[in-house]
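Undergrad:
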Amino acid sequence: MAPVLEILFAHVSEAYQKDSSLLKTILDVVAESNCLGQVLAIYHGTTVEDPTLLVLIDVWDKIEDHHALQATPGFAAVRSAFAALAADASTATVVHVPFEPAAHIPAAVAGAMRAATGLPAGAGRHGGMWGRTVERGECVMMFGWDAMADHVAFSQTLAQGEDTKAVAATFATEIEEVKTGHVKFTAFKRYEP
C-alpha cells in the first residue's frame with residue numbers, strides 16, 4: 002500500500018512571514034516531545050503564487066497512524082503549536098491522500114491522470130503521482146520539478162502535442178474545478194522508504 006500524505010494548507014501569521022524558521026523551531030519542540038508518532042517525513046513551504054499560504058506535508062504509512070497520534074494526550078500541544086503559525090487556524094484545511102490509483106473515477110479521467118503523471122522523468126522533471134482525498138474524494142495530482150521555470154518550459158513544449166490536447170480536453174469536461182500552485186519544499190524529516 003502507498004503511503005498517505007496529510008496535506009495542510011494555512012495562511013501564515015505575520016510572525017511566520019517575518020521569520021519562517023519559526024516552523025522549524027516548532028517542529029524541533031514537537032520532535033523532542035515524541036509527539037511525531039509514526040510520521041515518516043515532513044515537508045513544508047509556501048506557495049510561489051501566494052507566499053502567505055503554507056503547505057505542510059506529513060507522510061504516514063497509513064492514515065490510522067495519524068489518527069493514533071491525534072488520540073494521544075500530547076497532540077493538543079502539537080495542535081496549539083501549529084495554530085501559532087496560522088493567521089487564522091479556523092481557516093486551515095487538511096486533507097489526506099493515498100497516492101495510488103483510486104476506484105470510482107471515470108475511466109476517461111483515470112486515463113488522463115495516468116497519462117499526465119506517467120510522463121518520464123527528464124530535464125528538471127521528476128514525474129508525478131495522483132490519488133483521491135479521503136475527506137471529499139477530490140482528485141489530487143503532484144509533480145516534482147527542479148524549478149518552476151522547468152515546469153513552465155515543459156508545459157509550453159507539451160502543449161503543442163495532440164496527446165496533451167486530448168488530456169486537457171478530458172480534464173476540462175470531466176473535472177469541475179482545477180487549482181494549481183507551486184511550492185518549494187524544505188524537508189524537516191526526509192522520507193526514506
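For the sequence shown, the numbering used here assigns the number 2 to the initial residue and increments by one for each residue that follows.
All C-beta atoms in this analysis are idealised placements derived from N, C-alpha and C, irrespective of residue type, glycine included.
What you are looking at is a predicted structure, and each value in this text was computed from that prediction instead of being measured.
(1) Compare the Cα-Cα distances from Val-179 to each of Leu-28, Leu-23, Glu-139 and report the closest residue.
(2) Excluding the 5 residues preceding and the 5 following Asp-151 in the sequence, name in chain order all residues of the same chain whose CB lies nearer than 8 Å to its CB.
(3) Please classify His-45: is it buried, with 16 or more other beta-carbons within 10 angstroms of its beta-carbon, or exposed?
(4) With a threshold of 16 other CB atoms inside 10 Å of the CB of Val-98, please say whether the residue is buried or exposed.
(5) Quick check: Ile-8 and Ile-58, are their CB atoms within less than 8 Å of each other?
(6) Where do the ends of the alpha helix (DSSP H) carrying Phe-1 lie?
(7) For Gly-129 versus Met-149, is the C-beta distance shorter than 8 Å?
(8) Taking its Cβ as the centre, do 16 or more other Cβ atoms sit within 10 Å of Arg-191, making it buried, or is it exposed?
(9) Between which residues of its own chain and Ala-87 is the CB-CB distance below 7 Å, once the five residues before and five after are set aside?
(10) Run the CB neighbour count on Thr-47, radius 10 Å, all protein chains shown included, and call it buried at 16 or more, exposed below.
TA: In short, the structure shows the following:
(1) Glu-139
(2) Ala-124, Gly-125, Arg-126
(3) buried
(4) buried
(5) yes
(6) The question about residue 1 has no answer, for the chain in this structure spans 2 to 194.
(7) no
(8) exposed
(9) Ala-11, His-12, Val-13, Ser-14, Ala-93
(10) buried
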